[in-house]
Structures are given as structure tokens and as C-alpha cells.
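Using this note's numbering, the letters of the sequence shown correspond one by one to residues 3 to 729. Don't be surprised by glycine CBs; every beta carbon is placed ideally from N, CA and C. Just below is one structure, and these are the notes that go with it.
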Amino acid sequence: MTQPDAAPRVLRVALPVPLRRLFDYTLPESFRTPMPGVRVRVPFGHSTRIGVVVACMACSDLPAAQLKSVSALLDDAPLLDAELLASVLWAAEYWLGSPGEALLNALPVALRDGRALPPLRAQAWMLSDDGHVALQDDRTRGASRTLLQRLATATLPADSLRTLPAAERAALARLRRAGHIIAAADSAAAPGVAPALNAAQDAALAQLRAQPPGFSVTLLDGVTGSGKTEVYLARIAEVLAQDRQTLVLVPEIGLIAQTAQRLQQRLGVSIDLLHSGLSDGLRAEAWLRARSGAARVLLGTRSAVFAPLPRAGLIVIDEEHDASYKQQDGLRYHARDLALKRAQALGIPVLLGSATPALESLHNAARGRYAHLRLAARANARPAPHVELIDLRRQRSEHGLSAPLLDALGATFARDEQAMVFRNRRGYAPVLSCAQCGWHADCPHCARPLTWHRAAQRLECHLCGRLEPVPPRCPACGSSALQAQGHGTERLETALAERFPDIPLLRVDRETTRTRAAQAALDTRLPETGPALLVGTQMLAKGHDLPRLTLVAVTSVDEGLYSIDFRAPERLAQLIVQVAGRAGRGSAPGRVLLQTRHPDHPLLLQLLSGGYHALAASLLEERRAARLPPFAYHALLRAEATREAALFAFLDAARAALAADAGIEIVGPMPAPLPRRGPRWCGQLLLAGAQRGALHRALKPWALVLETLPQARALRWSLDVDPLEMG
Ligand code: ADP
Ligand code: ZN
Ligand code: ZN
């Protein structure tokens, strides 16, 4: 054992292996002691791994003889600063993942294999107009004046900073704060002009400014088009003026381009992007610019929540209710919840924006944990769209389209306006069946109907991806009367193109946007003016702005009304309000049609009469009565195996391994809501606790036991803390 007061000679390292633990290594005599956050190469098994130093210690709990030694230190300075390191480790702990996988995944791909950091794109400082004025006015003295004079004739590359005298370096920081010196990259565009804020926006901004400095969470709860983005912009501009960084998260890649453009035009600074659509090189560059503090406004999707923010000033999460913020494999983190944790550690405010806040967020606001600001009306004083139900029991419908819906579409096009038809199912029809004997095509593995993709001439299982040819006649009775049952976006597209042959029509779903090129082509295919029709899945609910969109139709809301998932009503209400929000953003008023066989369903009645917030309040009451989240905490163990017996042997062993604790309710083992996926059987075990703390105390040791169960070897399993899907 080493002397306790000797220099640290043991490194605790996080390695990208699927084990929920850290590994100790000795540090060779000749190595300097690294800071936590530095990458190292270490021997592991028969090979080597790249890991991240988490702590430097004098000695290990293990005898020194059992420790291997570090092969190489890969960085001079920590790649992850103390806050980011601690926050990622917290995430691994909370969502029960491997700390090493979490840390390495937080790095851009280009930095995971131990390569040296690429050089940052040269940045340069220059005088702003104010800086020129200050120089001419002769207001400055000393180092400030020297620096202004130096910059009056040439930009100053950032990498020459090290050679500046200390006094001038301090002056640079001062003059940047004053706006006299700006990054040369920011000079391309002058900030755009903001509209004069309306009274509601002004009030919201005043409340935000009145908050004490440091960590705070504000739910900016405003109907679509109420001007939430203008409030974000005003706050971001203030953060920029203090020379601090803002991280803006949006739920999906499709929203990045338009958001980046709006931020850039208004703020007049370059926007750094972090999302999975970028090449590894560009991602690493943006990440490193964030780490250096040079990136001042970072915009990204879920994974951007792992961006380094050494000069953090603000985090904005747009559409905070969106389920895309939850990672659905690997470490199943929630970007909003992790952002809150980071903001707390960084001592900065968070703005959560939505027209349809998550029930969890409304509950937190009601408990006083979040400030709650409402923007109740559209900023441009346009009326909210009018929502009507079409009773499918009283209407004949063809290809999923009722006569009143078709009439409304015709009238819209006659007025030269645009429409959107929404259906959350791709393909031509969800079922292909025989009119003679009732046979229908099922996936042989999943025992669920195959979706008929008519144009592609095949049947596809949307669970396991299995493809089959379309049989020419019924395999059961030989009849050729095979027919579509139900409708998907492809069928709607076909029927609507036939009905309105002269109207430009575009289908947007996973099939038509499979590639980035296809996605980009879509955005330019609809005319700017004149009638047009969009048909698609929930991808339509976000982005895809049509300026003259006045009619939105949802061909069926019924699946959401009768789902076994307790979150389905919340999701359906959010979806209806979000798609409705797309209508009437321009000058003409909007109309929303919902087709249903259950026009008396309380959810629909309440949504139509009281709006989202009234419905949310009663959904929260139901959750309270049923002791469901946010009034309880869930964790889900999922497993899948090729043999059913192996699956349940594992789940039984997992249940038995859970320490009996009065505070935790265990449901299962049980089959998953969709019990087959391809050749595998799926099952699960649900843990529910009234207290988050008690649940977590039980989960951590349990996860370690699961790793060692012999029954776990032959199957896949995963843990999901605060699951959003129950399957
Ligand atoms: P949200 O983010 O809540 O959907 P936006 O900020 O995008 O709302 O605003 C909706 C529309 O109203 C945008 O076209 C925006 O430019 C405009 N707008 C917002 N605030 C104002 C205002 N105070 N005066 C005039 N137009 C505004
Ligand atoms: Zn048949
Ligand atoms: Zn299948």
C-alpha cells in the first residue's frame, strides 16, 4: 500500500464497457498526475481501451499487486471539465448505465478513439462599430487603448492570445463584455430587429429578469404562435451581451435549420450546431468550440445536452413535452431532466417552452418548483383555430376520408388556401385481408398484422421489419378478393391525389423522408402560393410550415382514446393541440377537423370545451388517484430472448434478487404489451415507488446483481428509469 499522504498514484478510470462500475489503475512513476477528465489508454482483458480519468487517489481498495498500470495519458488538459464530468456521472448513476459508456458517448465520435484534438478553426477578434467609436472618442486608456489601436488595423487571431501581455488579455475580456470587441465570425450579419414585444411577452420578460441570479426553472407556457421564441431571443441576446453561452435544444433534426436561421438572423452571431445529421468532423469542431467557450449559441437535439458549457449563461428547451427528449436505447436519459441537473450545477436559469407542457412539468409548476409564465394569445392577434369533430358513425367514409372532410378540403383549395391531412400510420393499409374467408396477413414472428405497402408491392412488419411479398390470392381459401383494411398515409395520398388531381400534394412520413436528400427535396417541392396539400404522420406536427395553411384534419383520433398506455391521453391531447397549432398561422383563420367514432368521449369533450390546460388538470387528478407518475416513480426492466422459458427464468431471478422493501411495488414478470419481436420473446418487470429516493436506493444494487445473474447471459436486457413507454 502506498503512503496515504503520498502524491496520488492510482487513477480511477471510466471505461466504455457495459458494467456499472469504475476501474482502478496505477500510475507509472514517470507519469505526471493528470486531472480528472483526461483521456487515458489502459490495458483491459487482452486488449487496450480508451477511458476517462474520474479521480486520482493515493491508493486503491484493491491490493496494489492486482492493479495494472496506465499505458498512456492522452490529453494535457481535461477534455471534460469538472461540471460536465460530474453531470455525466450523475446521469449514469440516475439512469442506471455504465459510467464509462456514458462518458465516452458524451464525447464526439472523433474523440472517442484517443486521437489528439484537432486544431480549432482559427478564430479572430475584431473591433465592433462601438469599438471604433470608443477609439475615436478617446475614452479609453492604458491596455484597453493599446488593444483597440492594435485591432483598428487588423483582426487578432485567437491563438495569438497567449503572446499578449497580461494587462491586454484582461482588457480583451473587458472590451468583449462591453461589446467593443467581437468575434470576427460574428461580424457577417448585424443583429436583426426584434418586433416590439406585446404586453404578455413584456410581462414574461420582466419576470424572467426579476429572478435572482443563479439556477431557476421557468415554464414558458404559451399557445402556438404566442411569441415564445421572441421571449427566448430577448433572453439569449442578454446572455450574449454578458459574453456567456446559451444552449438551445429542439426535439428533432427537422427543426434545426429553421431555428438556426431565426437565431442567426436575430442575434447576428454564428450558431453552432450539434446533432446526429452532422459529419463526425463538424460535430467534433462544434463540440470543441463549445468547450473553448468560443461557441456562444449552441443549437442541437437531445444529445447536445452533453455539450461542454464553460461559460454557461442559459439553457432553453423548446417543446419540452416532446418524447424525443428521452433516449430509447443505451443510457436511457431524458435530455430535459439532465439539462435541469446541469443548470443547477452551473448555476444558470433554464427556460422550458411548450404550448402543451408535459403533465410532469405542469405538476412541478403547480408545486412551485418551476416559475410558470403563460402567454395565452397568439402574438399576431389571429384567432385560435376552430376545432370540430366529425362523427364517423354517421358518415360514410372512403379510404378513411368522410364526405364533410372532403368538402372542407375542396372549399379550402377553392379559396387558394392550403391543407394538411394527418394520420399516424404509414403504408397503404395496416391490414390486408380476404373478403371471402376473413384470413389476414400476419407476421409469422410477431403475430401482428403486416402492413400493406402497395406501391412497393410488399407486406412489412412495423415491429420487426420483416418483408414479405403480397400473395396473389388468399393462402387460406384461394380467393382473389384480397382487400385493404384501414388506412395509412400511402392510401390517403392515393385517394386524395385522385380526388384533387390539380392540387400539389406532398406526403411526409418515414418512407418519403428516409434520406437527408429526400428530406431536403421535400421542403422545396410545395409552391409558396396557391392551394397545396400535405399528407403525413406525426412528423407533420412539428415544423413544415405552410404559410397559407388553414385546414388541418386528423383522420382518426380513436387509437389514442383507447390505449392501454396510461400516457396515451396526454399524448393524444398534445398531438391534437400541436397539429391544430399549425393551422392559421398566416393571415387566414384556421379550422381543425377530427374524425372519430367516439364523439362523446370525455377526453375530446373536455379538450374542445376547456382546452389543453383543463384537460391536463383532470388527467393529473386521474394520475394522482391511480398513483401513477408524476405521483409515483417507475423503473422498467425489459428483456428479450429467443426462448420464452429463458426470458421468464431471467425475469423470475431478477424479481427474486430484489431486496424486499415495503416502499416498492413490483408488477410482473409479464409479457411486454407487444410480446413478440421477430424471433424474440419480450417481457418485463415494472417497479413502482412512492418516493424517488427509496426506489433508487433499491435499484442501484439490484442493477449490479442483474449483471451477474447466470440467467442474464443468453438474452438482452435493459433498465429504463422513468420510462415513457410501457412496452
Ligand atoms: P411561438 O414560439 O410561441 O410559436 P413565435 O415567437 O414563433 O411563437 O411567434 C409567432 C409569430 O408571431 C412569428 O411570426 C413572430 O415573428 C410573430 N411575433 C411574435 N411576437 C411578436 C410581436 N410582439 N409583434 C409582432 N409579431 C410577433
Ligand atoms: Zn380467404
Ligand atoms: Zn414481425
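- Bridge partners of W719 according to DSSP: A641.
- Inter-residue distance for C61 and R304 is about 38 Å (C-alpha atoms, whole angstroms).
- With fewer than 16 other Cβ atoms from the protein chains shown falling within 10 Å of its own Cβ, S482 counts as exposed.
- Relative to the Cα of L280, the nearest Cα in the group R395, A112 and L342 belongs to A112.
- Residue burial is scored here from C-beta neighbours: S32 has fewer than 16 other C-beta atoms within 10 angstroms and is therefore classed as exposed.
- Taking the Cα positions, R285 is about 16 Å away from L105.
- For W441, there is no enclosing alpha helix (DSSP H), since its DSSP letter is neither H nor E.
- About 7 Å separates the beta carbons of P351 and F217, which is inside the 8 Å limit, making them a contact pair.
- In this structure, P671 sits away from G691, with a CB-CB distance that is not shorter than 7 Å.
- With 5 Å as the limit between CB and the heavy atoms of ligand 3, the residues that fall short of it are C445, H447, C448, C463, L465, C466 and R468.
- Boundaries of the alpha helix (DSSP H) around P101: P101 to A108.
- The segment 143–156 makes contact with the segment 169–189, as at least three CB pairs between them are under 8 Å.
- Closest in C-alpha terms to S294, from the list A309, M422 and T165, comes A309.
- Assigned with DSSP and collapsed to three states, E462 falls in strand.
- Around the Cβ of Y564, a 10 Å sphere holds fewer than 16 other Cβ atoms; the residue is exposed.
- Here the distance from the Cβ of G229 to the nearest heavy atom of ligand 1 is below 6 Å.
- Between ligand 1 and G224, a heavy atom-to-CB distance of less than 6 Å is present.
- Between the beta-carbon of L348 and that of A314 there is about 4 Å, and that keeps the pair under the 8 Å contact cut.
- For ligand 1, a non-hydrogen atom lies closer than 6 Å to the CB of L199.
- About 18 Å separates the Cβ atoms of H388 and T358, ruling out a contact at the 8 Å cut-off.
- Here the segment 715–722 makes no contact with the segment 475–490; the two share fewer than three CB pairs at distances below 8 Å.
- At the C-beta level, Q608 and A618 stay beyond 7 Å of one another.
- The segment 126–137 makes no contact with the segment 41–56, as fewer than three CB pairs between them are under 8 Å.
- Per DSSP, the unbroken beta strand (DSSP E) holding T220 starts and ends at S218 to G224.
- A distance criterion of 6 Å places the beta-carbon of A386 beyond contact range of ligand 1, judged by its closest non-hydrogen atom.
- C-alpha of A337 to C-alpha of L300: approximately 15 Å in a straight line.
- In the DSSP assignment, D26 forms a beta bridge with R14.
- At a cut-off of 6 Å, the beta-carbon of Q438 counts as near ligand 2: some heavy atom of the ligand is closer than that.
- Excluding the 5 residues flanking it on each side, S89 has same chain C-beta neighbours closer than 8 Å at L340, K343, R344 and A347, in chain order.
- L150 has its alpha-carbon roughly 15 Å from the corresponding atom of A168.
- Around the Cβ of D223, a 10 Å sphere holds 16 or more other Cβ atoms; the residue is buried.
- At a threshold of 6 Å, A486 does not count as near ligand 2, since its beta carbon sits no closer than that to any of the ligand's heavy atoms.
- Rounded to the nearest whole angstrom, the C-alpha separation of A118 and L452 is 49 Å.
- Going by DSSP, E495 is part of the alpha helix (DSSP H) stretching over T491 to R501.
- Burial state of V423 is buried, judged by a 10 Å Cβ sphere holding 16 or more other Cβ atoms.
- Counting only the Cα atoms, L649 lies some 20 Å from L701.
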